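The structure under discussion appears below in the form of structure tokens.
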Amino acid sequence: MSHNLEAHNLDEEALAILKKNDRGGFTIPTARLYPFQWNWDSAFIAIGLATFDQDRAWRELELLVEGQARDGMIPHIIFRKDDSDYFPGPSVWQTNGGGLSASGISQPPVLASVVAKFAQEQGEGSLDRAAALFDAMLAWHRWWHRDRTPDGCPVVCTVHPWETGRDNCPDWNIGMNNMAIDPQLEAYQRKDIEHADPSQRPSHEQYDKYITIVKFGRDHGWDQKVLTNDGPFLMADPGIFFILLRADRDLLWLARKLGKDVAAAEIEGWIADAEANADYFWNADVGAYCARDVRTGEFSEGFSNASALCFYAGIKDQTRLASTIAHMKRIAAKTRFGQSSWDPDLASFESQRYWCGPLWCQMNYMIAAGLAEHGETDMADKMRDDLRSVIELSGFYECFDPVDGSGCIGTDFSWTAALWLAWASPSSVAPTASGQEAANGLN
Ligand code: DGY
């Protein structure tokens with residue numbers, strides 16, 4: 156579909172989408188398909204909100220933190236109240252972790268990087284608001300390092316494809332194939348395929364497994380250590396690992412800025428551990444950082460857009476970075492709009508199915524930030540220009556076909572509108588290259 160540029164001012168359209176999806180201090184990703192507050196969505200949405208209303212941007216993050224559970228986890232969905240448009244809603248999750256009605260798993264921890272970015276850009280006046288969020292962010296990062304790091308495993312892991320944010324990426328096939336659908340699974344009705352094209356969404360078998368994991372968590376009272384150590388699915392995700400490593404660096408910057416020495420020492424320990432163990436993800440056969448099944452040690456076979464986040468995490472191994480760049484160039488030659496979420500040279504690539512191929516704006520944004528810091532400014536600019544092109548071509552979709560640029564799944568999508576305003580729009584003033592303090596804050 157071609158978006159009529161003559162008839163629409165895309166900046167105004169993006170603003171209107173964020174306004175329309177505002178539910179009073181927090182923003183839903185899109186009506187009907189995702190009618191609640193999603194964790195990493197809100198972090199990216201805040202970046203867009205800050206281009207025109209800094210107070211409202213902070214509010215987005217503060218309301219996200221309101222959903223924090225007693226154990227420190229910030230959940231991937233904060234429900235507040237039920238909505239019959241969505242499955243699985245609060246009556247399926249049945250969490251009891253404190254805070255608001257929410258899901259029982261988390262999502263990639265981008266929050267601290269956004270808070271650091273705001274603190275750097277908005278100056279001393281913003282430090283009070285950053286300080287007010289600091290303990291919650293520290294507790295959440297501690298939760299990842301304690302409750303999502305299985306006994307005996309050197310790296311942070313995940314228990315559910317939804318927790319990675321990359322739901323049906325073929326990265327998870329190994330873990331999904333190694334688990335069984337619970338025979339006691341209650342009958343359920345999917346809602347997502349009523350609101351979006353089913354051919355672009357996960358399969359029914361995948362959904363049965365997603366709900367099997369939710370049932371396990373519920374049956375075990377959402378004891379997160381049990382879910383991590385003994386749950387049906389346990390994989391290590393380079394996406395979560397790299398995003399957390401970056402967020403730990405940004406949290407460390409904040410800790411120092413706020414004079415929190417004890418916290419800073421704890422965070423330094425997490426960073427040192429992650430730097431020492433990044434090679435856990437290195438798949439020598441592929442020559443890339445890949446997802447891995449923790450129990451069998453088996454690697455995923457493919458280069459995903461999460462593999463490309465190594466620059467963003469501040470990985471310094473030049474041989475591994477060069478191999479990653481070679482993959483990105485190979486893939487760019489096969490797709491018109493980068494970075495695809497999965498490798499187009501693999502049979503499992505599907506250009507329009509959710510995380511099996513499409514380009515995602517928030518991934519491009521983080522990959523570009525890392526590339527720019529690494530000095531690869533041409534590649535970083537291409538990430539932004541490709542996002543600009545697909546939005547100009549198709550509008551504010553959830554994600555985009557990297558081959559023909561058509562929009563996929565959700566429409567009027569908040570993070571796409573937000574990152575248009577903050578980064579992809581020709582009127583955006585944000586540089587792709589970091590002009591800020593080294594290795595801190597999304598740029
Ligand atoms: C969904 O409902 O598809 C979401 O991705 C789960 O977070």
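For the sequence shown, the numbering used here begins at 156 and goes up steadily by one. Ideal placement from N, C-alpha and C gives every residue a C-beta, glycine not left out. Remember, it's a predicted structure, so these values are computed and weren't measured experimentally.
Local Cβ density within 10 Å of residue i, reported as buried at 16 or more and exposed below that
i    : result
A169 : buried
E553 : buried
A162 : Confidence at A162 is low in this model, with a pLDDT of 35, below 50, so the placement of that residue is unreliable and no value is reported for it.
P581 : exposed
E592 : Reliability fails at E592, whose pLDDT of 44 lies under 50, so the model's placement of it is uncertain and no value is given.
T490 : buried
E349 : exposed
R356 : buried
K412 : buried
Y509 : buried
M156 : At M156 the pLDDT is 41, less than 50, meaning the model places this residue with poor confidence; the figure from the coordinates comes in the next sentence. Counting Cβ neighbours within 10 Å, M156 comes out exposed, since fewer than 16 surround it.
A527 : buried
Q339 : exposed
E215 : buried
T451 : exposed
F207 : exposed
K370 : buried
A535 : buried
D302 : buried
Q344 : exposed
Residue i Cβ short of 7 Å to ligand 1 heavy atom set
i    : result
D326 : no
D322 : yes
D237 : no
D434 : no
H350 : no
H231 : yes
W195 : no
D208 : no
W317 : yes
D240 : no
D363 : no
D392 : no
D347 : yes
When the options are compared against residue i, the one with the closest alpha-carbon
i    : options                   : result
G414 : T182, S580 and A286       : A286
K364 : W437, N332 and R373       : N332
G565 : E167, N176, L165 and N164 : N176
A433 : F458, T313, P393 and A418 : P393
W425 : E276, G203, A402 and L409 : A402
I395 : P264, F504, H482 and G493 : P264
H529 : W195, L464 and C445       : L464
A418 : C516, D347, F289 and D352 : F289
P325 : C511, R301, S197 and H359 : C511
W193 : Q223, D210 and A205       : Q223
D374 : T250, D226 and L501       : T250
A446 : G493, A477, F492 and F388 : F388
S549 : P190, A572 and D536       : A572
E423 : S503, A439, D405 and N438 : D405
K537 : A523, F458 and H300       : A523
G122 : W437, F191 and G372       : No answer is possible for residue 122: the residues shown for the chain start at 156 and end at 598.
E453 : S239, S462, N460 and D440 : D440
I329 : S455, Y343 and R301       : S455
Boundaries (first-last residue) of the alpha helix (DSSP H) holding residue i
i    : result
V247 : P245 to W248
G330 : N328 to N332
A420 : D416 to N432
N384 : Q379 to D385
Y365 : H359 to D374
H296 : L282 to D302
D536 : T532 to S549
Y602 : The question about residue 602 has no answer, for the chain in this structure spans 156 to 598.
V270 : L266 to Q277
D405 : P393 to K412
W213 : Q209 to V220
R235 : That residue, R235, is in no alpha helix (DSSP H); it is neither H nor E in DSSP.
F504 : Per DSSP, F504 belongs to no alpha helix (DSSP H) and is neither H nor E.
E167 : L165 to K175
A477 : Q473 to A487
T571 : S569 to L574
Nearest-angstrom beta carbon gap, residue j and residue i [assumed within contact, 8 Å]
i    : j    : result
G525 : F568 : Going by Cβ atoms, the distance from G525 to F568 rounds to 23 Å, so no, they are not a contact pair.
Q361 : E318 : That belief does not hold up - the Cβ atoms of Q361 and E318 are roughly 14 Å apart, past 8 Å.
D556 : S506 : 5 Å
G576 : D166 : Per the sequence presented here, residue 576 reads as Leu, with Gly not at that position. Confirmed, about 7 Å.
L409 : V269 : The Cβ separation is near 11 Å, so there is no contact.
V314 : T383 : 6 Å
E221 : G254 : 7 Å
M390 : D347 : Not confirmed; about 22 Å, so no contact.
Residue i beta carbon near ligand 3 (any heavy atom closer than 7 Å)
i    : result
L282 : Looking for ligand 3 in the displayed structure turns up nothing; the ligands present are ligand 1.
Closer than 8 Å to chain C by CB, residue i
i    : result
A461 : The structure shown contains no chain C; it holds only a single protein chain.
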